[in-house]
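Asker: In the working numbering, the protein residues as written are 6 to 165.
Built from N, CA and C at the ideal position, the CB exists for glycine as well.
Structure in structure tokens, see below.
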């Protein structure tokens with residue numbers, strides 16, 4: 006099973022692709038899609054959708070996973086995040102991908118073992134789980150963590 010993990014953001018959306026075979030996880034690819042803050046909103050959202058459609062076309066995932074939306078103290082930031090998520094989910098929907106959504110605490114718990122892990126702990130664990138992966142940045146690392154969590158959360162050993 007090939008899983009596309011997504012960390013949606015208007016400024017820079019991270020993506021990561023893994024292969025999950027039972028409990029075995031291997032890295033396929035990862036990257037980030039930055040947008041130009043000076044561009045109009047519609048152009049930024051279109052860029053996100055188009056870039057992720059290209060990632061999906063190249064890697065042909067079986068399904069996708071995204072981090073659940075969280076509410077910021079700033080309503081404007083929450084709205085921008087929601088719009089970016091819309092573009093990301095639209096790219097997945099256009100490709101017919103099922104998208105599971107996972108809370109950030111659940112992702113951290115699945116990858117590190119504790120829901121209170123910080124970014125450094127998540128990135129350190131990714132080096133253990135995906136030792137050959139060259140991770141392109143923090144947003145890509147978060148996306149890989151989402152993909153790994155999704156694989157762990159959906160994996161059930163034979164006989165259970």
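1) Hey, how far is the Cα of residue 56 from the Cα of residue 101?
2) Looking at the structure shown, is residue 73 part of a helix, part of a strand, or coil, going by DSSP?
3) State buried or exposed for residue 79, treating a residue as buried only when at least 16 other CB atoms are found within 10 Å of its CB.
4) Give the DSSP-derived three-state secondary structure of residue 152 in the structure shown.
5) Check whether the region 34-48 touches the region 107-117, taking contact to mean three or more Cβ pairs, one atom from each stretch, closer than 8 Å.
6) Do the CB positions of residue 15 and residue 124 come within less than 8 Å of each other?
7) Considering only the beta carbon of each residue, do residue 104 and residue 66 sit closer than 8 Å?
8) Across which residues does DSSP place residue 26 in a beta bridge pair?
9) Put residue 98 into one of helix, strand or coil per three-state DSSP.
10) Excluding five sequence neighbours on each side, which residues of the same chain lie with their C-beta closer than 6 Å to the C-beta of residue 126?
11) Helix or strand or just coil, what does DSSP make of residue 147?
12) Nearest-angstrom Cα distance between residue 62 and residue 81?
13) Among 51, 24, 153, which one has its Cα closest to the Cα of residue 130?
14) On the premise that residue 71 lies in contact with residue 90, defined as a C-beta separation below 8 Å, what is that separation, rounded to the nearest angstrom?
15) Flag this pair as yes or no: are the beta carbons of residue 92 and residue 53 separated by less than 8 Å?
16) From what residue to what residue does the beta strand (DSSP E) around residue 117 run?
Answerer: Let's see:
1) Counting from 1 along the chain shown, the entry for residue 56 is found at position 51. Counting from 1 along the chain shown, the entry for residue 101 is found at position 96. When rounded, the distance between both Cα atoms is 16 Å.
2) For the purposes of this step, residue 73 is taken as the residue at position 68 of the chain shown. Coil at residue 73, not helix or strand.
3) Along the chain shown, one-based indexing puts residue 79 at 74. With fewer than 16 Cβ atoms within 10 Å of its Cβ, residue 79 is classed as exposed.
4) Here residue 152 is taken as the residue at index 147 of the chain shown, counted from 1. Three-state result, residue 152: helix.
5) no
6) Working through the chain shown from its first residue, we reach residue 15 at position 10. Working through the chain shown from its first residue, we reach residue 124 at position 119. No, the Cβ-Cβ distance between residue 15 and residue 124 is not below 8 Å.
7) Position 99 of the chain shown, counting from 1, holds the residue named residue 104. Position 61 of the chain shown, counting from 1, holds the residue named residue 66. No, the Cβ-Cβ distance between residue 104 and residue 66 is not below 8 Å.
8) Within the chain shown, the letter at position 21 stands for residue 26. According to DSSP, residue 26 bridges with 29.
9) Reading the chain shown from its first residue, position 93 is the one you call residue 98. Three-state result, residue 98: helix.
10) As a position in the chain shown, residue 126 is number 121, starting the count at 1. If we look at residue 126 and ignore the five residues flanking it on each side, its Cβ neighbours are 117.
11) The residue labelled residue 147 in the question sits at position 142 within the chain shown. Helix at residue 147.
12) Locating residue 62 in the chain shown gives position 57, counting from the first residue. Locating residue 81 in the chain shown gives position 76, counting from the first residue. Computed Cα separation, rounded: 32 Å.
13) In the chain shown, counting from the first residue as 1, residue 130 sits at position 125. It is 153.
14) One-based indexing of the chain shown puts residue 90 at position 85. One-based indexing of the chain shown puts residue 71 at position 66. Yes, they are in contact, since the Cβ atoms of residue 90 and residue 71 sit about 7 Å apart, within 8 Å.
15) Translated into positions along the chain shown, residue 92 becomes position 87. Translated into positions along the chain shown, residue 53 becomes position 48. Contact: yes.
16) Walking along the chain shown from the start, residue 117 turns up at place 112. Here residue 117 belongs to no beta strand (DSSP E), and DSSP marks it neither H nor E.
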